[in-house]
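> This is the structure, below, for whatever I ask next.
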């Protein structure tokens, strides 16, 4: 255990090119999946929260369940879709970072949409009457709701980031863990574990933790600054 | 206004980051291979030599032999490099490749705890060793994942005239790669069949050691096949063939032979000229 901690610090200190490459691929894939997930998930969740339509309860239940879909299942489904013999085979996305982004986006969208739905619904409980009285058009209403709940919504983005950066099931299957191409921090950890190099695996895990901590710190700072300015 | 500006900057930088990724596109092939070749470090040793010569980048997806062949069947790899002769010949007879070429070999070893409850240490006969393990009902860890090593292990049980299944209490199918299965064996102090390359590079050995080796039946042949362009038109025929030609050439074979871990050679080239 102790040697793992010192290994981790050494890895971080030297920041060798190989490790940096792996960190870069992880961040590139997960941040892209997070961006697409937010662009789609936040409006989608708000729409479900602010509108009444038949079968709404069912949609909410399905959306909430999708938050817990095993990443491996998403990986297998995306693999079969992207495989040369699959319907999207011509894209040639299997074993590339694009395929990995697609897989992780399938994880971030439902999570972000489900959390957004709850937050916007709570906001609606408070401000619904005012908004109805203002007779805003539906789109303007949703925009107003999202803007009002923006600080609470930052937690959905953090949750989406956590879901993407920490998962190994989907990126392993869709990416193939190819050295210097689709190897991420989590698949590298799985690889070192299977080589029996548990100390190095743990050290890589600590590096992953440090990266996540840093990302959260940055988002916290942004939120703090924004709250001072617009809060 | 300012906010919109920020958003624009963010989006453009993201776009730029993704184009950098695309600009790296060059001649490359995908090879589906086994965990033993990748995790032992063989590919890290030989691929740079090949890339320097030809400029072709080789992307290796390392899985069990069964899955590696499946990836080839779906057309998701250009070249398959595995170690299960029976399954490989089936792959060729199904028309997924026109030719199987033998490249190199190493051997399987029977690993077990130093305490050796079945008393098989120093033996040379794999069948006798397995019979003793069964007689003493000692824990045996099986890959159980249709890999080349798993197929070989099942053959040895057959040769020994024994039947094992997941319902046999001392026989444990892990359904995992060589490394994870070795981790399990190390934790349970059980017996396990492993290829020598993975064992030599495996670090979490605990109390395990090699007990039985040297039986000619433990021979482990690796073969390479180009996925048939007739089955899958998009297969990179020229680049894939270039890789196969090189690895079977004198230069490729010497590069394989020169790979050593702690002074020990892991793979022995035997491509026929």
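Protein chains in written order, with our numbering: chain A, 120 to 350; chain B, 5 to 277.
Backbone N, C-alpha and C fix where the C-beta goes; we use that ideal spot for every residue, glycine too.
Remember, it's a predicted structure, so these values are computed and weren't measured experimentally.
#1: How many Å lie between residue 123(B) and residue 49(B) at the Cα?
#2: Buried or exposed, going by whether 16 or more other CB atoms sit within 10 Å of the CB of residue 302(A)?
#3: With a cut-off of 7 Å, does the C-beta of residue 167(A) fall near any C-beta of chain B?
#4: In the DSSP assignment, find the beta strand (DSSP E) that holds residue 214(B) and state where it starts and stops.
#5: Can a CB atom of chain A be found closer than 7 Å to the CB of residue 193(B)?
#6: Across which residues does DSSP place residue 199(B) in a beta bridge pair?
#7: Below 8 Å CB to CB, which residues in the same chain sit around residue 203(B) once its five sequence neighbours on both sides are set aside?
#8: Residue 195(B) and residue 144(B) look like a contact to me (Cβ under 8 Å); what is the Cβ gap, rounded to whole Å?
#9: For a cutoff of 7 Å on Cβ pairs, would you count residue 143(A) as touching chain B?
#10: Whole angstroms are fine: how far does the CA of residue 158(A) sit from the CA of residue 180(A)?
#11: Hey, how far is the Cα of residue 298(A) from the Cα of residue 196(A)?
#12: Applying the criterion that 16 or more other CB atoms from any shown protein chain within 10 Å of the CB defines a buried residue, is residue 208(B) buried or exposed?
#13: Does the distance from the C-beta atom of residue 308(A) to that of residue 320(A) stay below 7 Å?
#14: Could you spell out where the beta strand (DSSP E) holding residue 286(A) opens and where it closes?
#15: Put residue 143(A) into one of helix, strand or coil per three-state DSSP.
#16: Applying the criterion that 16 or more other CB atoms from any shown protein chain within 10 Å of the CB defines a buried residue, is residue 82(B) buried or exposed?
#17: Run down chain B in chain order and give the residues with a C-beta less than 8 Å from the C-beta of residue 316(A).
#18: What residues of chain B sit near residue 228(A), judged by a beta carbon separation below 8 Å?
#19: On the premise that residue 244(B) lies in contact with residue 105(B), defined as a C-beta separation below 8 Å, what is that separation, rounded to the nearest angstrom?
#20: Cβ of residue 351(A) less than 7 Å from any chain B Cβ?
#21: Tell me whether residue 140(B) is buried or exposed, calling it buried when 16 or more other Cβ atoms sit within 10 Å of its Cβ.
#22: Quick check on the burial criterion: 16 or more other C-beta atoms within 10 angstroms. Buried or exposed for residue 198(A)?
#23: Against chain B, does residue 295(A) count as a neighbour if the rule is that its beta carbon must be under 7 Å from one of theirs?
#24: How long is the line joining the alpha carbons of residue 27(B) and residue 273(B), rounded to whole angstroms?
#25: Distance check for residue 158(B) and residue 121(B), CA to CA, integer angstroms please.
#26: Is the beta carbon of residue 245(A) closer than 7 Å to that of residue 168(A)?
#27: Would DSSP call residue 25(B) helix, strand or coil?
#28: Would the stretch 273-293 of chain A and the stretch 47-66 of chain B be scored as touching if the rule is three or more Cβ pairs under 8 Å?
#29: Extract the residue ranges of the alpha helix (DSSP H) inside the stretch 48-110 of chain B, only unbroken runs of 4 or more that lie entirely within it.
#30: Counting C-beta neighbours from all protein chains within 10 Å, is the total for residue 169(B) 16 or more, i.e. buried, or is it exposed?
#31: Might you give, ordered along the chain, the residues of its own chain that have their beta carbon closer than 8 Å to the beta carbon of residue 232(A), omitting 5 neighbours on each side?
#32: Under 7 Å, Cβ to Cβ, is there at least one residue of chain A near residue 28(B)?
#33: Considering Cα atoms alone, identify which of 275(B), 257(B), 166(B) and 216(B) is closest to residue 47(B).
#34: Strictly by DSSP, which residues pair up with residue 255(A)?
#35: What do you reckon, are the CB atoms on residue 138(A) and residue 130(A) nearer than 7 Å?
#36: When the Cα atoms are used, what is the spatial distance from residue 318(A) to residue 272(A)?
In short:
#1: 38 Å
#2: buried
#3: no
#4: 212-216
#5: no
#6: 112(B)
#7: 113, 115, 186 and 214
#8: 5 Å
#9: no
#10: 22 Å
#11: 23 Å
#12: buried
#13: yes
#14: It is not in any beta strand (DSSP E) - residue 286(A) carries neither H nor E in the DSSP assignment.
#15: helix
#16: buried
#17: 207 and 208
#18: Neighbours of residue 228(A) on chain B: none; closest Cβ ~18 Å, over 8 Å.
#19: Not a contact, Cβ separation roughly 12 Å.
#20: Past the edges of chain A, shown from 120 to 350, lies residue 351(A), and the structure says nothing about it.
#21: exposed
#22: buried
#23: yes
#24: With a pLDDT of only 45 at residue 27(B), under the threshold of 50, the placement of this residue in the model should not be trusted, and no figure is reported.
#25: 22 Å
#26: no
#27: Note that residue 25(B) scores 48 on pLDDT, short of 50, meaning its location in the model is unreliable and no value can be drawn from it.
#28: no
#29: 69-77 and 89-97
#30: exposed
#31: 159, 160, 161, 163, 164, 167 and 182
#32: Its pLDDT being 49, under 50, residue 28(B) is placed unreliably by the model, and nothing is read from it.
#33: 257(B)
#34: Beta-bridge pairing links residue 255(A) to no other residue.
#35: yes
#36: 37 Å
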